[in-house]
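Visitor:
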Amino acid sequence: MPKLLNLLLAVEHGMKKPVWDCTMCGQCVLHSTGMTCPMTCPKTLRNGPCGGVREDGHCEVKPEMRCVWVKAYDRKVSLPLPTVWK
Ligand code: SF4
2 MPKLLNLLLA VEHGMKKPVW DCTMCGQCVL HSTGMTCPMT CPKTLRNGPC
52 GGVREDGHCE VKPEMRCVWV KAYDRKVSLP LPTVWK
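Here the sequence shown stands for residues 2 to 87, where the numbers follow the working numbering.
#1: Hey, out of Met36, Glu61 and Trp21, whose CA is closest to proline 43's CA?
#2: Can you tell me which of Thr34, Gly53 and Arg55 puts its alpha carbon nearest to the alpha carbon of arginine 47?
#3: If cysteine 26 and proline 50 are in contact, beta carbons under 8 Å, what's the gap, nearest whole angstrom?
#4: So the alpha helix (DSSP H) lysine 1 belongs to, where does it begin and stop?
#5: Indicate the three-state DSSP secondary structure (helix, strand or coil) for arginine 76 in the structure shown.
If you want it as structure tokens, here you go:
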């Protein structure tokens, strides 16, 4: 069984790393963040944005990137999901 688990983990990481820069944190929330990984937040905040989001939606730590939580919200509302899931 451990061999099968290791194989599944290798396949999961092989698929998620190139697409979402997955770190295999073990607490995946892609399904609820519009397929945006919050681990890419410089502060690795997992429960929402910090208080420093810039007016244009960019990150306070890395001004060149959009806040991952702003991106997560935008993606979540634009996913073609039933209204009750949003
Ligand atoms: S602005 Fe957004 S991405 Fe940047 S540190 Fe705060 S929560 Fe993280």
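The beta carbon of each residue, even a glycine, is placed where N, CA and C say it ideally should be. Just so it is clear, the structure is predicted and the values come from calculations on it, not from any experiment.
Guide: For this structure:
#1: On the sequence shown, residue 43 is found 42 positions in, with the first residue counted as 1. Closest by alpha carbon: Glu61.
#2: Against the sequence shown, residue 47 aligns to sequence position 46. Minimum Cα distance to arginine 47 is reached at Thr34.
#3: The residue labelled residue 26 in the question sits at position 25 within the sequence shown. The residue labelled residue 50 in the question sits at position 49 within the sequence shown. The pair is not a contact, with the Cβ atoms about 18 Å apart (cut-off 8 Å).
#4: Look at the range of the chain in this structure, 2 to 87, and you will see that residue 1 is not part of it.
#5: In the sequence shown, residue 76 corresponds to position 75, counting from 1. DSSP places arginine 76 in helix when its eight states are reduced to three.
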